[in-house]
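Right, one structure below, let's go through it.
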Amino acid sequence: VALAVGIVFVAPSLHMPALTVFTNGQGPVWKGSLFPFLFITIACGSVSGFHALIASGTTPKLIASEVDARFIGYGSMLMESFVAIMALTSACILEPGIYFTMNSPAAIVGTTPESASEAVTKMGFPVTPELISERATEVGEQTIISRAGGAPTLAVGMAEIFSGVLGGKGLKAFWYHFAILFEALFILTAVDAGTRAGRFMLQDLLGTAIPSFKSTSSLVPSLVATFLCVTAWGCMLYQGVTDPLGGVNTLWPLFGMSNQMLAAIALILATVVIFKMKRQQFAWVTIVPATWLIICTMWAGFEKVFSSDAAVGFIAHASKFKTAADAGTVLTPAKSMEQMQQIIANDRVDAALSFLFTLIVISLVVFGVRACVKAYGVNHWTAKETPSVPDNGVSGVV
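Under the numbering used here, the first residue of the sequence shown is numbered 331, with each subsequent residue one higher.
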């Protein structure tokens with residue numbers, strides 16, 4: 331709310347052009363054509379599989395009746411879109427030269443203000459070394475070069491807006507670190523909700539072999555499932571911190587595509603439920619976005635696996651690094667032959683998982699169509715819920 335009020339009060343100018351030359355797919359941040367990669371990059375604030383995942387475990391607790399779904403479900407996504415617009419505004423009020431200095435990898439812009447100024451200016455966005463150093467000093471950082479990931483960019487933009495309301499440049503560093511703290515707390519709640527949803531799904535999966543695990547209110551099954559979920563993401567996080575090319579960094583290139591595939595799966599399942607509830611006249615509400623997401627994700631999955639462009643395709647990228655490794659050459663971002671081999675392995679893992687995810691979506695499409703046709707063929711309600719599993723008197727976890 332404070333950011334929204336600040337944007338209205340300050341009315342900052344947008345410096346980022348509506349379109350840049352990077353629509354050709356050769357930008358410093360990501361490679362690939364505008365379609366389909368734009369539509370697997372933009373998620374939160376538009377459509378996101380992770381949101382569907384979280385909603386499956388938390389939204390039902392907030393809804394007393396179906397009437398509440400519009401206010402809580404649809405209203406929440408409107409607020410999410412509102413936040414996305416504010417984040418976009420915060421990024422676009424920065425000078426383009428500063429934006430690309432912050433978001434371009436070090437392999438392109440280097441690590442000094444002079445090298446970053448030269449590289450970004452060649453992109454068509456003039457920026458001086460003095461301006462880069464000045465912006466870093468204003469927010470209390472030693473450097474803002476190659477601070478990719480979105481969070482620092484948002485924090486700098488928020489600091490620019492808040493300092494325009496209160497404190498001026500003298501408080502810009504305070505507002506910057508305030509924004510960083512806000513983002514950290516936001517991520518913390520997302521991890522908490524993700525762990526909770528993961529526990530629900532893991533208990534449901536383990537419950538096929540051990541029925542007592544299906545009770546999400548039983549203490550022991552809940553603790554076991556929570557421990558397994560926390561251990562899983564904790565190990566990934568630890569590997570990512572200790573190994574710059576391992577852990578979560580191995581799977582990060584798959585995030586955008588897999589997240590939107592999950593959104594497509596959620597919409598497919600929602601369509602099946604609508605047909606089973608004999609409300610097929612409203613099914614277009616989920617069929618239209620599901621169709622678009624299926625097209626985008628299938629296209630992106632095909633390109634990420636089979637594209638001959640090493641900047642896009644996992645297999646082509648692995649081949650490029652293998653050829654260089656065989657010749658004894660080390661390519662960036664690797665710093666040793668061992669890291670070269672790890673990058674090759676990462677690409678092959680990502681290619682295999684991309685192919686697997688694509689097959690899963692295709693199988694869900696087939697399942698969805700068959701289930702909808704079957705439900706349409708009967709004249710009564712076929713949707714039903716699985717009976718809850720009693721907790722045998724041992725509860726305490728919600």
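We put the CB at the ideal spot given by N, CA and C, even for glycine.
- Counting of Cβ neighbours within 10 angstroms places residue 710 among the exposed residues, the total staying below 16.
- Around residue 626, the same chain offers 365, 366, 369, 370, 590 as residues with beta carbons nearer than 8 Å, after the five sequence neighbours per side are excluded.
- Residue 606 carries a helical assignment under DSSP once its states are collapsed to helix, strand and coil.
- In this structure, the straight-line span from the alpha carbon of residue 660 to that of residue 620 is close to 43 Å.
- Residue 684 sits in a helix when the DSSP states are folded into three classes.
- Residue 565 is classed as exposed because its beta carbon has fewer than 16 other beta carbons within 10 Å across all chains shown.
- A buried status is given to residue 484, since no fewer than 16 other beta-carbon atoms sit within 10 Å of its beta-carbon.
- With a 10 Å radius around the Cβ and a threshold of 16 neighbouring Cβ atoms, residue 682 comes out exposed.
- Taken in chain order, the complete alpha helix (DSSP H) segments of 4 residues or longer contained in the region 491-544 are 502-536.
- Beta-bridge pairing by DSSP links residue 361 to 356.
- Contact check between the region 451-469 and the region 426-437: three or more CB pairs, one atom from each, fall below 8 Å, which counts as touching.
- With a cutoff of 8 Å on beta-carbon distance, residue 414 and residue 375 are scored as near each other.
- By the neighbour-count criterion, in which 16 or more other beta carbons inside 10 Å mark a residue as buried, residue 398 falls on the exposed side.
- Setting aside the 5 residues that flank it on each side, residue 578 is surrounded in the same chain by 566, 570, each with a C-beta closer than 6 Å to its C-beta; the list follows chain order.
- The region 468-477 and the region 390-409 do not touch, with fewer than three beta-carbon pairs separated by less than 8 Å.
- Secondary structure of residue 434 (DSSP, three-state): coil.
- With fewer than three CB-CB distances shorter than 8 Å, the region 516-536 does not count as touching the region 687-706.
- Nearest to residue 333 by C-alpha distance, out of 469, 352, 461, 496, is 496.
- Under the three-pair Cβ rule at 8 Å, the region 685-697 counts as touching the region 630-639.
- Sequence-distant partners of residue 388 (beyond 5 residues in either direction) whose C-beta falls short of 8 Å from its own C-beta, in its chain, are 523, 526, 527.
- Put simply, the backbone Cα of residue 691 is about 22 Å away from that of residue 580.
- Here the alpha carbons of residue 420 and residue 554 stand approximately 42 Å from one another.
- Here residue 653 carries a helix assignment [DSSP, helix/strand/coil].
- Bounds of any alpha helix (DSSP H) do not take in residue 709, whose DSSP letter is neither H nor E.
- Secondary structure note for residue 626: its alpha helix (DSSP H) is the uninterrupted segment 614-636.
- Ranked by Cα distance from residue 618, the options 636, 603, 594 are led by 594.
- Scanning its chain for C-beta atoms nearer than 7 Å, with the 5 sequence neighbours on each side dropped, one finds around residue 440 the residues 446, 449, in chain order.
- Residue 487 and residue 562 have their C-alpha atoms some 34 Å from each other.
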